[in-house]
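Each residue of the sequence shown is one higher than the one before, starting from 792 at the first, in my numbering.
Cβ atoms here follow ideal geometry from the backbone N, Cα and C, with glycine treated the same way.
Have a look at the structure below, then the notes.
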Amino acid sequence: MITIKDISHFLESIAPLSYQEPYDNAGLIVGEPSSVVTNILVSLDCTEEVVEEAIANNCNLIVAHHPIVFKGLKKFNGRNYVERTVIKAIKNDIAIYATHTNLDHVVGGVNFMIAERLGLQHVRILAPKKDVLMKLVFFVPVENASTVIEALHRVGVGQIGNYDRCSFSVQGIGSFRPNEAANPFIGKANEVEQVNESRVEVIFPAYLEATVMRTLNDAHPYEEVAHYLTLLQNTNQEVGAGAIGLLNEALPAEEFLRYLKEKMQLSVIRHTTLCSPMVQRVAVCGGAGGFLLNDAIRQNADVFITADYKYHEFFDADGRILICDIGHYESEVFTKELLQRYLSKKFANFATILSETITNPVNYYV
Ligand SMILES: [Zn+2]
């Protein structure tokens, strides 16, 4: 039997909650972690209509991209759609889970799905994040080093891009003197001891800190483990906003617009002037990605595809790049297919159903 907690753990192994923006509210919003999952409904937004769809499909968990609750709710009177959606979910015993900006910020997340639909190659994060990697240096008797390193690798330490089990070691002499209250693994009270030790260096994602330190202390033979822990300034190429990649072949700008319209199933594209005749390097950001324009320009993108652009912001293209605003809903709607793919591959015990509700609050009169 699979519980909601199992689903949360799985989704957070793909998109850790610590990668969400400070304003965000990703994670389990409504529901008890210990409930057993019947079926899952995946959707972009969670609205009352989506809750009704979940009831009709015998789903007791909705996994959505956008969190229905952003700010603290103080009253539950059904006066707005947020309160009504939460009330309906609780009354019908339906849990709501959101994987939002944390899913925007990972390889294989929202922006990689857009890149996949556009057939982009060599896709990477457009603006990799800083302050998400830590370095651990520790000292261990030479003969115990491999056991400790192995234990750390098992919890995700030393994984860098396409490489795992990465570490660096040198050997030297460690010296120490235990006092009378100590219970040393090597040596005696009040006597200076010298031991052949390895100095081991590893890096890991900062959100694993508690697990890593617990593992180090459990696997290490010493009572007091000599170590340094540092938050690195290095960017993590696997975590951050937006994505950038290449079309298989350069397309004339107007043809590219047709291609974009077809691949993302758009009825309209709001765009700046076609400033360069050909388009090949494509930057994308699902939802409101205007803050990434300069990253896209710096990395020589021919086009930046995002949503929620305002009139004056279009001027910022300034003949340097083609900005395409394809609509917030349209840019992210395929996220539900991405979630379905992850969940149905991992869990075969129940159905993961794609919501058919069109939650786009924006209509186009064409
Ligand atoms: Zn969004």
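| Ile820, buried or exposed, once every other Cβ within 10 Å from all chains shown has been counted against 16 | Taking the sequence shown and counting its residues from 1, one reaches residue 820 at position 29. Answer is buried; the Cβ neighbour count reaches 16.
| request: My understanding is that Glu984 touches Ser960, with C-beta atoms under 8 Å, so please give their C-beta distance in whole angstroms. | output: Residue mapping note: residue 984 aligns to position 193 of the sequence shown, counting from 1. Residue mapping note: residue 960 aligns to position 169 of the sequence shown, counting from 1. Contact between Glu984 and Ser960 does not hold, since their C-beta atoms are separated by about 21 Å, which reaches or exceeds 8 Å.
| Given that a residue counts as buried once 16 or more other Cβ atoms are within 10 Å of its Cβ, and exposed if not, what is Thr838? | Locating residue 838 in the sequence shown gives position 47, where the first residue counts as 1. Buried, because 16 or more other Cβ atoms sit within 10 Å of the Cβ of Thr838.
| task | May I ask you to check if the CB of Glu1123 is nearer than 8 Å to at least one heavy atom of ligand 1? | result | Counting from one through the sequence shown, the residue named residue 1123 turns up at place 332. For Glu1123, the CB falls within less than 8 Å of some heavy atom of ligand 1.
| query | Using the C-alpha atoms, what's the distance from Asp884 back to Arg875? | reply | Indexing the sequence shown from 1 puts residue 875 at position 84. Indexing the sequence shown from 1 puts residue 884 at position 93. Rounded to the nearest angstrom, the two C-alpha atoms are 14 Å apart.
| field | Thr1150 beta carbon less than 9 Å from that of Glu840 | value | Taking the first residue of the sequence shown as 1, we reach residue 840 at position 49. Taking the first residue of the sequence shown as 1, we reach residue 1150 at position 359. Yes, the pair counts as a contact, with Cβ atoms nearer than the cut-off.
| message | Check whether the segment 1022-1039 and the segment 938-949 touch, using three or more Cβ-Cβ pairs below 8 Å as the test. | response | By the Cβ criterion, the segment 1022-1039 is not in contact with the segment 938-949, since fewer than three pairs of Cβ atoms, one from each stretch, lie closer than 8 Å.
| task | State yes or no: is the C-beta of Ala1079 nearer than 8 Å to some heavy atom of ligand 1? | result | Start at 1 with the first residue of the sequence shown, and residue 1079 comes out as number 288. Result yes, Cβ under 8 Å from ligand 1.
| Candidates Leu1113, Thr1097 and Tyr1100, of which the one nearest Ala1044 by Cα | On the sequence shown, residue 1044 is found 253 positions in, with the first residue counted as 1. The shortest C-alpha separation from Ala1044 is found at Leu1113.
| query | In this structure, does DSSP put Thr838 in helix, strand or coil? | reply | Taking the first residue of the sequence shown as position 1, residue 838 is located at position 47. In this structure, Thr838 counts as coil in the three-state DSSP scheme.
| query | What are the start and end residues of each continuous beta strand (DSSP E) run of 3 or more residues lying completely inside the segment 793-855, in chain order? | reply | You should have 818-821, 831-834 and 852-855.
| query | CB Ala1092 to CB Ala1074, shorter than 9 Å? | reply | Mapped onto the sequence shown, residue 1092 falls at position 301. Mapped onto the sequence shown, residue 1074 falls at position 283. Cβ distance < 9 Å, so Ala1092 and Ala1074 count as in contact.
| Which term fits Leu864, buried or exposed, when burial requires 16 or more other beta carbons within 10 angstroms of its beta carbon? | Counting from one through the sequence shown, the residue named residue 864 turns up at place 73. Leu864 comes out exposed.
| request: Assuming Tyr1156 contacts Val1059 (C-beta within less than 8 Å), just tell me the rounded distance between them. | output: Sequence index remark: in the sequence shown, residue 1156 carries index 365 (1-based). Sequence index remark: in the sequence shown, residue 1059 carries index 268 (1-based). Contact between Tyr1156 and Val1059 does not hold, since the beta-carbon distance rounds to 10 Å and is not under 8 Å.
| field | Nearest candidate by alpha-carbon position, reference Leu1065, set Leu1042, Gly1078 and Leu1057 | value | Taking the first residue of the sequence shown as 1, we reach residue 1065 at position 274. Ranking the options by Cα distance to Leu1065, first place goes to Leu1042.
| query | At what residues does the beta strand (DSSP E) containing Val961 begin and finish? | reply | Here residue 961 corresponds to residue number 170 of the sequence shown, with the count starting at 1. Residues Phe959 to Phe967.
| Own chain, CB closer than 7 Å to Val948, minus 5 neighbours either side, in chain order | To locate residue 948, count along the sequence shown from 1; it is residue 157. Excluding sequence neighbours, Val948 sits near Val993, Phe995 and Val1003.
| query | What span of residues does the alpha helix (DSSP H) with Tyr1120 cover, start to end? | reply | One-based indexing of the sequence shown puts residue 1120 at position 329. First-last of the alpha helix (DSSP H) with Tyr1120: His1119 to Glu1123.
| Cβ separation of Val928 and Arg968, assumed to be a contact under 8 Å, to the nearest whole Å | In the sequence shown, residue 928 corresponds to position 137, counting from 1. In the sequence shown, residue 968 corresponds to position 177, counting from 1. Going by Cβ atoms, the distance from Val928 to Arg968 rounds to 22 Å, so no, they are not a contact pair.
| task | Sort Ala997, Tyr1013 and Glu982 by Cα distance to Glu934 and report the nearest one. | result | Residue mapping note: residue 934 aligns to position 143 of the sequence shown, counting from 1. Closest by alpha carbon: Tyr1013.
| said: Under 8 Å: do the segment 795-804 and the segment 821-830 share three or more Cβ pairs, one atom per stretch? | reply: Inter-segment contact for the segment 795-804 and the segment 821-830 is present: three or more beta-carbon pairs are separated by less than 8 Å.
| said: Just verifying my parser: in three-state terms, what is the DSSP assignment at Asn1154? | reply: Position 363 of the sequence shown, counted from the first residue, corresponds to residue 1154. Coil, per DSSP.
| request: Indicate, with yes or no, if ligand 1 has a heavy atom lying under 8 Å from the CB of His1119. | output: As a first step, residue 1119 is located in the sequence shown; it is residue number 328 there, counting from the start. Taking non-hydrogen atoms of ligand 1 into account, the C-beta of His1119 is found less than 8 Å away from one of them.
| message | Mapping the DSSP letters down to three states, classify Leu775 as helix, strand or coil. | response | Residue 775 lies beyond the range of the chain shown here (792 to 1157); nothing can be said about it.
| message | For the alpha helix (DSSP H) containing Glu941, name the first residue and the last one. | response | Indexing the sequence shown from 1 puts residue 941 at position 150. First-last of the alpha helix (DSSP H) with Glu941: Ala936 to Arg945.
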